[in-house]
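Remarks on the structure that follows.
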Amino acid sequence: MKNLIIAAASGALLLISGQGMTADLEAGKKKAAEVCAACHGADGNSPAPAFPKLAGQHSTYLAKSLNEYKSGARKDPIMAGMAAALSKEDIENVAAYYAGQSGLKTKY
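Here the sequence shown stands for residues 1 to 108, numbered as in the working numbering.
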């Protein structure tokens with residue numbers, strides 16, 4: 001019984017954290033190119049210091065941030081507009097795509 005409770009709790013935590021979801025990396029790459037690349041770079045390594053680098057960030061952090069911009073819990077008029085156009089699936093896919101990219105160290 002104890003093992004069943006531990007397994008159920010572990011499964012719930014995976015789902016809550018987003019790690020249990022299967023993301024479509026190709027769809028994430030395509031959506032990132034359409035919506036995010038102009039500011040954050042095609043691979044998430046922003047060419048300008050004004051825009052954060054997304055490459056190599058944890059997918060749960062990226063998804064949480066996008067969801068917060070979309071809901072208005074996190075304030076930024078530009079990001080709110082960008083996130084508004086993304087579905088829940090788009091957010092998971094984009095977050096997984098950027099999380100899988102290499103974060104290059106660039107001097108500005």
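We put the beta carbon where it would ideally sit given N, CA and C, even for glycine.
**Beta carbon of L62 nearer than 8 Å to that of A99** = yes
**Message:** Does L25 come out as helix, strand or coil in the three-state DSSP assignment?
**Reply:** helix
**Request:** Give the DSSP-derived three-state secondary structure of H58 in the structure shown.
**Result:** coil
**Prompt:** According to DSSP, is P77 helix, strand or coil?
**Reply:** helix
**Request:** Please check the pair A55 and L104, which I expect to be a contact at CB under 8 Å, by giving their CB distance rounded to whole angstroms.
**Result:** 7 Å
**Prompt:** Would D76 be called buried (16 or more neighbouring beta carbons within 10 Å of its own) or exposed?
**Reply:** exposed
**Request:** Assuming K64 and A84 form a contact by the criterion Cβ under 8 Å, report the distance between their Cβ atoms to the nearest whole angstrom.
**Result:** With 8 Å as the limit, K64 and A84 do not qualify as a contact, their Cβ atoms being about 16 Å apart.
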